[in-house]
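**Q** As given, the protein sequences belong to chains A and B, one line each in that order. Heads up, the first sequence is in this note's numbering, so the first residue is 22 and it goes up one at a time. Heads up, the second sequence is in this note's numbering, so the first residue is 21 and it goes up one at a time.
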Amino acid sequence: DAKTTQPPSMDCAEGRAANLPCNHSTISGNEYVYWYRQIHSQGPQYIIHGLKNNETNEMASLIITEDRKSSTLILPHATLRDTAVYYCIVPASAGGTSYGKLTFGQGTILTVHP
Amino acid sequence: SAVISQKPSRDICQRGTSLTIQCQVDSQVTMMFWYRQQPGQSLTLIATANQGSEATYESGFVIDKFPISRPNLTFSTLTVSNMSPEDSSIYLCSVPGTGTPDYGYTFGSGTRLTVV
Numbered sequence: 022d023a024k025t026t027q028p029p030s031m032d033c034a035e036g037r038a039a040n041l042p043c044n045h046s047t048i049s050g051n052e053y054v055y056w057y058r059q060i061h062s063q064g065p066q067y068i069i070h071g072l073k074n075n076e077t078n079e080m081a082s083l084i085i086t087e088d089r090k091s092s093t094l095i096l097p098h099a100t101l102r103d104t105a106v107y108y109c110i111v112p113a114s115a116g117g118t119s120y121g122k123l124t125f126g127q128g129t130i131l132t133v134h135p
Numbered sequence: 021s022a023v024i025s026q027k028p029s030r031d032i033c034q035r036g037t038s039l040t041i042q043c044q045v046d047s048q049v050t051m052m053f054w055y056r057q058q059p060g061q062s063l064t065l066i067a068t069a070n071q072g073s074e075a076t077y078e079s080g081f082v083i084d085k086f087p088i089s090r091p092n093l094t095f096s097t098l099t100v101s102n103m104s105p106e107d108s109s110i111y112l113c114s115v116p117g118t119g120t121p122d123y124g125y126t127f128g129s130g131t132r133l134t135v136v
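1) Rounded to whole angstroms, how far is the Cβ of Q42 (chain B) from the Cβ of Q26 (chain B), which I believe are closer than 8 Å?
2) Mind checking whether the beta-carbon of Y125 (chain B) lies closer than 7 Å to any heavy atom of the ligand FMN?
3) Does Q27 (chain A) pass the burial test, meaning 16 or more other C-beta atoms within 10 Å, or should it be called exposed?
4) Look at the alpha carbon of T132 (chain A) and the alpha carbon of C43 (chain A), and state the distance between them as a whole number of angstroms.
5) State yes or no: is the beta carbon of K122 (chain A) nearer than 8 Å to at least one beta carbon in chain B?
6) Comparing alpha-carbon positions, which option in B:S104, B:A67, B:G80 lies nearest R90 (chain B)?
7) Going straight from the alpha carbon of R89 (chain A) to that of K73 (chain A), what length do you get?
8) When you check each C-beta in the region 56-84 of chain B against every C-beta of chain A, which residues fall closer than 7 Å?
9) Closest by CA to P112 (chain A), which one among A:G64, A:N51, A:L94?
10) Kindly list the residues whose CB is nearer than 6 Å to the CB of I84 (chain A), restricted to its own chain and excluding five residues on each side of it in sequence; keep chain order.
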């Protein structure tokens, strides 16, 4: 897996956008960027993934730089329930289908405050 | 995406005993993964369990301590053997996404183990 670097913690006001950065400078051309989050005492939850184009789903948006060496996860209107640890992971993949193990770093602790 | 049922959700065990954790998946999957999350830490992969073959353990984890069974494509168990307080952690199973494009890995809700 390509190594990723994330800030250890971030704060966000409720209702504002939360922008979580991730560096993955050693990413290969066919490797996807995945984001997961872990709310306290629960198993990690898949959020979104992308290869080179920006992606959006009902949970978040993912912005990937043109050189693919970094990305930003955007929670457009953060709520208190979005307080969690957010993990950016680049697993080994083939053709858009992930396989193999996930290597978790320390992630970013996002705290959403009223 | 797959749905995983993991049991037990938590347990308090005496040192020297063993605990078996079960994960049941609602669909057939070739690969299952077992993770450990020590207090205040991130997830660490213990082993990969493929049906029909021996589990593959990561560095620092051995089969005698963490035996794994994978009797079919929907079920796996992880046993934490001869437990000590250092084994107090959350243990999670996971399966990869299915289909193309996939929707990420699915994780069980975890087993919170306390060894006293």
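Idealized CB from N, CA, C, for every residue including glycine. None of the values given here were measured: they were computed from a predicted structure.
**A** Quick answer:
1) Your numbering for residue 42 (chain B) matches position 22 in the second sequence. Your numbering for residue 26 (chain B) matches position 6 in the second sequence. Here Q42 (chain B) really is in contact with Q26 (chain B); their C-beta atoms are around 7 Å apart, less than 8 Å.
2) What this structure holds is no ligand at all, so the ligand FMN is not there to describe.
3) Translated into the one-based positions of the first sequence, residue 27 (chain A) becomes position 6. By the neighbour-count rule (16 or more Cβ atoms within 10 Å), Q27 (chain A) is buried.
4) Translated into the one-based positions of the first sequence, residue 132 (chain A) becomes position 111. Translated into the one-based positions of the first sequence, residue 43 (chain A) becomes position 22. Each residue's alpha carbon lies about 17 Å from the other.
5) Position 101 of the first sequence, counted from the first residue, corresponds to residue 122 (chain A). Interface criterion met: the Cβ of K122 (chain A) is under 8 Å from a Cβ in chain B.
6) The residue given as residue 90 (chain B) occupies position 70 in the second sequence. Distance check between R90 (chain B) and each of B:S104, B:A67, B:G80 places B:A67 closest, using alpha-carbon atoms only.
7) For the purposes of this step, residue 89 (chain A) is identified with residue 68 of the first sequence, where counting begins at 1. For the purposes of this step, residue 73 (chain A) is identified with residue 52 of the first sequence, where counting begins at 1. Here the alpha carbons of K73 (chain A) and R89 (chain A) stand approximately 7 Å from one another.
8) Of all residues in the region 56-84 of chain B, the ones placed with a Cβ closer than 7 Å to any Cβ belonging to chain A are S62, L63, L65, T68, in chain order.
9) In the first sequence, the residue the question calls residue 112 (chain A) occupies position 91. The candidate whose alpha carbon is nearest that of P112 (chain A) is A:N51.
10) Within the first sequence, numbered from 1, the residue matching residue 84 (chain A) stands at position 63. These residues qualify, in order along the chain: N75, T93.
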